[in-house]
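In our numbering, the protein residues as written are -9 to 166. Think of the CB as a built atom: it goes at the ideal place given N, C-alpha and C, for glycine as much as any other residue.
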């Protein structure tokens, strides 16, 4: 096969690699829609490689991905407003260096955001994706009863009737 490969044109080599990448994606449960034949092979190759990088990305704690010690961030309740803003901006800067954008509801106070990031988010696991992939922390997991920004969210009212939401929050607190 290696000898055959030498006889292929650069375009044919890319097409062959695309076939192999598509085959891997399909065997892992992926699929392709009609019309993907019209995409130039080199563009499709970049896309397929990114899909594979995403699929093969290792899960790690966020603090490892961004290279911080979670204990280096002081608890929110020991910081003044000015210090809180400084530490929050420092953390946001670290996220941005790693292609991560923080974009929660604009009404969420910095203290609430800082607590979420330092006490929850950086301790959670995520895929260790290349920096140029980029991702956005919007803070919404879709689970309104456990959401840190519930008091500032207008979407929850469209998802949960207020009485049901209160009852679910109460039920979960009782289970703790």
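For residue 1, the enclosing alpha helix (DSSP H) has its first and last residue at 0 to 17.
Annotation: the continuous alpha helix (DSSP H) that includes residue 53 extends over 52 to 56. With contacts defined as CB atoms closer than 7 Å, residue 100 and residue 78 qualify as a contacting pair.
For residue 126, the enclosing beta strand (DSSP E) covers residues 125 to 127. Secondary structure remark: continuous alpha helix (DSSP H) runs of at least 4 residues inside the stretch 79 to 143, in chain order: 100 to 109. In the same chain as residue 93, and ignoring 5 residues on each side of it, the C-beta atoms closer than 8 Å to its own belong to 126, 127, 128, in chain order. When C-beta atoms of the stretch 100 to 120 are compared with those of the stretch 47 to 61, three or more pairs fall below 8 Å, so the two segments count as touching. Ranked by Cα distance from residue 74, the options 3, 39, 54, 105 are led by 105. Here the alpha carbon of residue 12 sits roughly 14 Å from the alpha carbon of residue 44. Excluding sequence positions up to five before and after residue 140, its CB lies within less than 7 Å of the CB of 134, 146, all in the same chain and listed in chain order. The shortest C-alpha to C-alpha distance from residue 40 to any of 62, 8, 144, 154 is the one to 8. Between the C-alpha atoms of residue 108 and residue 160 there is a straight-line separation of about 25 Å.
By the Cβ-count criterion, residue 66 is buried, with 16 or more other Cβ atoms from all chains shown falling within 10 Å of its own Cβ.
Annotated as distal: residue 47 and residue 4, with beta-carbon spacing of 7 Å or more.
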